[in-house]
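**Student:**
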Amino acid sequence: MCLGSPYCRRVEGNYSEALDLLPGVVSGLHAAGKRAFVATPAAPREADLHHVYRLVDAAAAAGADALEIHNMGVLRIVRTKGRRIPAHMGAYANVYTHLAAVVMRDAGAVRVRPNAEVPLEEMAILAREGGVEVEVLVHGKIPLGVTDRCFLLTESEETDPKCPSACRAVHWLTSRQWALKTVGKGVLSGRDMCLLEHLPRLVADGFRVFRVEGLYETAAYRSEIGAVYREALARAFDGGGYALDDRWADAVRRHAPRGLCNGYLFGTSGQTYVGTVLQDGNPEV
Amino acid sequence: MAELLASGGSMEMVRAAFDHGADAVYVGAAGWSRRRAQYEMDDAAIVEAQRYARSAGRILRVAFNTLPASSEVPLFLSRTDALYAAGVRDFILTDPGLMMALKNRHPDTILHASVGCTIINIQDALFYKEAGASQVVAECRMGRTTMRRIKAEAGVGLEVLVHATTCYTLLGRCTMSSYTKYGHRVDASGKDHFPGSPNRGGLCYRICLTGWDQVGEAGEIEASGVELPNRAYFLADDIPYLIDHGVDTIKIQGREYSVPLVSRMVRFYRDLIDACVRDRAGFRMDPWRERMARIVADRDAERREKTAGLIGEGLETT
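So, in structure tokens, the structure goes:
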């Protein structure tokens, strides 16, 4: 489980800010047999770096298993602090080539999540030549952009009464045939990435780290989609016949009001859905 | 004194930029820079531009600042080998792995970390310095405190864009365009131009600038026709500050604009910088504003037309 938000330091319930809560939540996850990762700010300005130093120390002291890092400066801070905690490079770290992965590995990264635009065959090269684990987003909103100015506020963060609650509500951006989701300082895909029907290929290709993105989603989304993928992955790893369960399809459709997509991984635009099983005549899908 | 760096989207623009006072000009290697193919140059044109720069005692920088596929790394190395053999030493890169590879191969190359690196704090600057960059481009909204720290403590050159755009998202960290439309066009060399991805191929459909409705969970319209802010800027008031604080390069972005407009921009900044340096104590901005306003108006007109075309192109089915 990845704790905290990389988008905004002010978001409510952000474990990356509430450093005194980290030991308890990390030990709770460990007691439940889970690993605990902690997100770091994706776009830390100079004024945020003091907090980043404290966050790195606090996560290491709490026994977190890794830090999720999007910014090269944050990676450098982890390295200069003696790599007390492993780094997982996040979606905004812009890992496109195995050579970049090697640079990040040498700075302390053990896992990379390639940029969303990197297709599966390139991910395989990253894993093989980069000497790092590769994390594949199998379900959830695709991160499309990050900024440090909140789109949902009309005044500054300090004075706008809508902060920090504005991003707790769902806000879509729609234009022509496009739909995006805004979370204030981040732009996410409108459609949900879905690789449910492609899991056997991912397993066969050697991928072993799969992410269900639950940021800015409901608890029901996280638990139901998470349960679907836990069951589906178990079946995919069994190696026998693999077919989508109707329950899985129902769950992913129910939680994807703007439809499903998976295009980047197959070399086309992100909003495209490549597959056969989940299309079934639904124009949104 | 700060170097004035201008854009070279064609051989004609390279000549015009130098002739109007640029100390250095950057061009994009075809298939490898953050602009579409029509504003890039093949190797023969780059070598010609390099000769022109050298004859004028100026510098030509070649941008290889897209983020390629791993399988394209050999292409990158062979292409940069060829340009190195032709005398090119100055390169602009984004991928830290490519920086290290090029620096290891040709230690006397001069590498600048591109605006695509999204350098927003001093630790970012130090990271790219360690990857081989001798100069870093400041992210477009970087504040003066960060600039001062980088200049004072990082031991790396600092480049500031005075004419560019502040994307809605952080430049270099946006895939909104390719989410809507993304293709593949492989050229004769084997390079994929990744049309639709500014990070990978340079062509952005600027979908942020179309009209958007903000819609709530139940489908209610919260705001209509909003743009996701993506504004072109033209800084002039900051020039004295940048000079005073030892910024190494003042950069004018704009390969996609017309040659006459780029020429006027370069001449404006050349004259402004020279006037400021000549009489720092007596320098005043007011006399420059009318000339600047005319340039900005013409720039905005060209940009509006290009943006409408790009959005329309993004809507076309392939």
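Protein chains in written order, with my numbering: chain S, 1 to 285; chain F, 1001 to 1318.
Think of the CB as a built atom: it goes at the ideal place given N, C-alpha and C, for glycine as much as any other residue.
What residues in the segment 1178-1209 of chain F have a beta carbon less than 9 Å from any beta carbon of chain S?
**Tutor:** Cβ contacts with chain S come from Ser1178, Tyr1179, Thr1180, Lys1181, Tyr1182, Gly1183, His1184, Phe1194, Gly1196, Ser1197, Asn1199, Arg1200, Ile1207 and Cys1208.
**Student:** Whole angstroms are fine: how far does the CA of S:Cys150 sit from the CA of S:Arg168?
**Tutor:** 13 Å
**Student:** Could you name the residues of chain F that S:His171 contacts, counting a contact when the two beta carbons are closer than 9 Å?
**Tutor:** Gln1214, Val1215, Gly1216, Glu1217 and Glu1222
**Student:** When the cut-off is 8 Å and only beta carbons count, does S:Tyr242 lie next to chain A?
**Tutor:** The structure shown contains no chain A; the protein chains it does contain are S and F.
**Student:** Tell me which residues share the same chain as F:Ala1138 and place their Cβ nearer than 7 Å to its Cβ, disregarding the 5 neighbours each side in the sequence.
**Tutor:** Ile1119, Met1147, Leu1158, Glu1159 and Val1160
**Student:** Please report the distance separating the alpha-carbon of F:Cys1276 from that of F:His1163.
**Tutor:** 18 Å
**Student:** Quickly, what does DSSP pair F:Arg1268 with across the bridge? List them, please.
**Tutor:** Checking the sequence shown, residue 1268 of chain F turns out to be Phe, not Arg. Beta-bridge pairing links F:Phe1268 to no other residue.
**Student:** Measure the CB-CB distance between F:Arg1206 and F:Thr1307 and report whether it falls below 8 Å.
**Tutor:** yes
**Student:** How about S:Ala59: is its C-beta nearer than 8 Å to some C-beta of chain F?
**Tutor:** no
**Student:** Determine the direct distance from the alpha carbon of S:Pro200 to that of S:Ala220, and round the result to whole angstroms.
**Tutor:** 26 Å
**Student:** How long is the line joining the alpha carbons of S:Val228 and S:Ile69, rounded to whole angstroms?
**Tutor:** 27 Å
**Student:** To which residues of the same chain is F:Asp1248 closer than 7 Å at the C-beta, ignoring the five residues directly before and after it?
**Tutor:** Ala1002, Glu1003, Gln1135, Gly1157, Leu1158 and Glu1159
**Student:** Could you compute how far the alpha carbon of F:Thr1094 sits from the alpha carbon of S:Phe207?
**Tutor:** 27 Å
**Student:** Chain F partners of S:Val102, CB-CB under 7 Å?
**Tutor:** Simply Gly1097.
**Student:** For F:Arg1294 and F:Ala1063, what's the separation of their Cα atoms in angstroms?
**Tutor:** 30 Å
**Student:** Hey, could you find the ends of the beta strand (DSSP E) S:Trp172 is sitting in?
**Tutor:** His171 to Ser175
**Student:** Apply the 10 Å Cβ neighbour rule to S:Gly82 and answer buried if 16 or more other Cβ atoms are within range, or exposed otherwise.
**Tutor:** exposed
**Student:** Who are the Cβ neighbours of F:Ala1082 in its own chain at under 7 Å, not counting the five residues just before and after it?
**Tutor:** Asp1043
**Student:** With H, G and I counted as helix, E and B as strand and the rest as coil, what does DSSP make of S:Arg254?
**Tutor:** Under the three-state reduction of DSSP, S:Arg254 is assigned to helix.
**Student:** Where F:Asp1238 and S:Glu213 are concerned, what is the direct C-alpha to C-alpha distance, given to the nearest angstrom?
**Tutor:** 42 Å
**Student:** Just how far apart, CA to CA, sit S:Cys2 and S:Ala66?
**Tutor:** 9 Å
**Student:** At the level of alpha carbons, what is the spacing between F:Gly1225 and S:Leu173?
**Tutor:** 10 Å
**Student:** Could you spell out where the alpha helix (DSSP H) holding S:Arg84 opens and where it closes?
**Tutor:** Element bounds for S:Arg84: n/a, residue is neither H nor E.
**Student:** From the DSSP secondary-structure annotation, give me the bridge partner or partners of S:Met193.
**Tutor:** S:Gly140 and S:Cys261
**Student:** If we cut at 8 Å on Cβ distances, does F:Val1073 have a partner in chain S?
**Tutor:** yes
**Student:** Here's the rule I'm using: 16 or more other beta-carbon atoms within 10 Å means buried, otherwise exposed. How should S:Phe237 be labelled?
**Tutor:** exposed
**Student:** Name the DSSP beta bridge partners of F:Cys1174, please?
**Tutor:** Per DSSP, S:Gly145.
**Student:** Measure from the C-beta of F:Asp1298 to each C-beta in chain S and report whether the shortest distance is under 8 Å.
**Tutor:** no
**Student:** Under three-state DSSP, which class holds F:Gln1050?
**Tutor:** helix
**Student:** Quick one: which unbroken beta strand (DSSP E) runs of 3-plus residues sit fully inside the segment 176-245 of chain S? Chain order, please.
**Tutor:** 178-182, 186-194 and 209-212
**Student:** For S:Asp286, is the classification buried or exposed, using 16 other Cβ atoms within 10 angstroms of its Cβ as the cut-off for buried?
**Tutor:** What is shown of chain S runs 1 to 285, which leaves residue 286 of chain S out entirely.
**Student:** Look at the alpha carbon of S:His88 and the alpha carbon of F:Leu1310, and state the distance between them as a whole number of angstroms.
**Tutor:** 36 Å
**Student:** Quick one: what does DSSP say F:Ser1134 is sitting in, helix, strand or coil?
**Tutor:** strand
**Student:** Do F:Thr1210 and S:Gln271 have their C-beta atoms within less than 8 Å of each other?
**Tutor:** no
**Student:** In terms of alpha-carbon separation, which member of S:Pro114, S:Arg10 and S:Asn262 lies closest to S:Val209?
**Tutor:** S:Pro114
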